[in-house]
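Residue numbers (our numbering), protein chains in the order written: chain A, 872 to 984; chain B, 7 to 115.
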C-alpha cells in the first residue's frame with residue numbers, strides 16, 4: 872500500500888495488558904495518523920503526527936498514547952487494554968497540508984479479551 | 007468539526023445496474039476522497055477530488071465544492087464492486103481526514 876506497513880496484522884490480548892501497534896512508512900511523508908474502525912461509526916481519528924515528536928489528539932484519544940521518534944515510524948500504545956478497544960486500527964500517511972490525498976495501511980485487528 | 011453525511015446507508019443492486027452514492031459535508035474542504043473498503047477490509051483510494059469531475063473506468067466522481075456535496079457514480083456494476091464506500095474530507099482548518107459512515111453496497115449476480 873504505497874509504502875505503508877502495519878504490524879502486527881492481528882493480535883489478541885488480555886484486559887489490562889499494554890499493547891503497542893506499529894506503523895512504518897517508506898514515503899518520507901510528514902503526516903501520520905491512527906484511526907479506529909467500529910461498526911456503525913466509520914473511521915474515527917485517534918491521534919495524528921505532523922512531524923517527529925509532534926503529535927496531537929483526535930476525537931477518540933482517551934486510553935491511547937502515541938510516539939514518533941523517527942519520520943518513518945508512528946507507534947500507538949494502549950497502556951492498559953480494555954474490551955472497548957477491540958477494533959480494527961488503521962494507520963494513514965499524507966504529505967503536506969492541504970494534502971494531495973491520504974494513503975492507508977492494511978489495518979490491525981485487535982481483540983481484547 | 008466538519009460533518010460528513012453519506013446516503014444511502016445501504017444499497018442492493020443486480021449486476022449490470024448503475025448507482026449513485028452521495029456525500030454531503032458541512033464546511034469548506036481542501037481535500038475530498040472516496041474509498042472502497044473491500045471484503046478483506048482494505049481501504050482502496052478511488053478518487054482524490056476536492057472539486058470537479060474525474061473518471062476511472064466504470065467509476066466517476068463529481069464534487070461541487072460551492073454546494074458542499076460529492077457524488078460517486080458506479081456504472082454496469084459487478085459483484086466485485088460490493089463493499090463499503092466511504093467519503094472522507096479534510097476541512098480548511100485542520101490537517102485530518104473526517105469520514106462519513108459509509109454506504110454498504112451489495113451487488114448480486
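For each residue, glycine too, the CB sits at the ideal point set by N, CA and C. Predicted model only: the values in this text are computed from it and were never measured.
Cross-chain neighbours of residue i in chain A, by beta carbon under 7 Å
i: residue 48 of chain B; result: 977
Where residue i meets chain A, residues with beta-carbon distance less than 8 Å
i: residue 39 of chain B; result: 972 and 973
i: residue 107 of chain B; result: 911, 912 and 913
i: residue 51 of chain B; result: 972, 973, 974 and 975
Proximity of residue i and residue j at Cβ, strictly below 8 Å
i: residue 976 of chain A; j: residue 107 of chain B; result: no
i: residue 20 of chain B; j: residue 109 of chain B; result: no
i: residue 981 of chain A; j: residue 882 of chain A; result: yes
i: residue 9 of chain B; j: residue 31 of chain B; result: yes
i: residue 79 of chain B; j: residue 112 of chain B; result: no
i: residue 967 of chain A; j: residue 901 of chain A; result: yes
i: residue 36 of chain B; j: residue 56 of chain B; result: yes
i: residue 47 of chain B; j: residue 959 of chain A; result: yes
Interface residues of chain B facing residue i [CB-CB closer than 9 Å]
i: residue 935 of chain A; result: What residue 935 of chain A touches in chain B: nothing, since even the nearest Cβ is about 15 Å away.
Below-8 Å beta-carbon distance, residue i vs any chain B residue
i: residue 1009 of chain A; result: Outside the modelled stretch of chain A, which goes from 872 to 984, sits residue 1009 of chain A, for which no answer is possible.
i: residue 960 of chain A; result: no
i: residue 922 of chain A; result: no
i: residue 904 of chain A; result: yes
Proximity test, Cβ basis, 8 Å: residue i and chain A
i: residue 31 of chain B; result: no
i: residue 54 of chain B; result: yes
Within chain B, partners of residue i - CB distance below 8 Å
i: residue 916 of chain A; result: 102, 103 and 104
Neighbouring residues, chain B, relative to residue i (Cβ below 7 Å)
i: residue 929 of chain A; result: 102
Where are the beta strand (DSSP E) runs, 3 residues long or more, that stay fully inside the segment 29-77 of chain B, in chain order?
-> You should have 35-43, 49-54, 58-62 and 65-70.
Count the CB pairs spanning the segment 883-898 of chain A and the segment 74-88 of chain B that are closer than 8 Å, and state whether there are at least three.
-> Result no; under three Cβ-Cβ pairs closer than 8 Å.
Along the chain, which unbroken stretches of the beta strand (DSSP E) at least 3 residues long are found entirely within the segment 894-928 of chain A?
-> Entirely contained in the segment 894-928 of chain A, the beta strand (DSSP E) runs reaching 3 residues are, in chain order, 902-909, 913-922 and 925-928.
Inter-stretch contact (C-beta, 8 Å, three-pair minimum) for the segment 931-948 of chain A and the segment 907-922 of chain A = Contact between the segment 931-948 of chain A and the segment 907-922 of chain A is present, with at least three C-beta pairs closer than 8 Å.
Which residue spans inside the segment 933-958 of chain A form an unbroken beta strand (DSSP E) run of at least 3?
-> Fully enclosed beta strand (DSSP E) runs of 3 or longer: 935-941 and 944-949.
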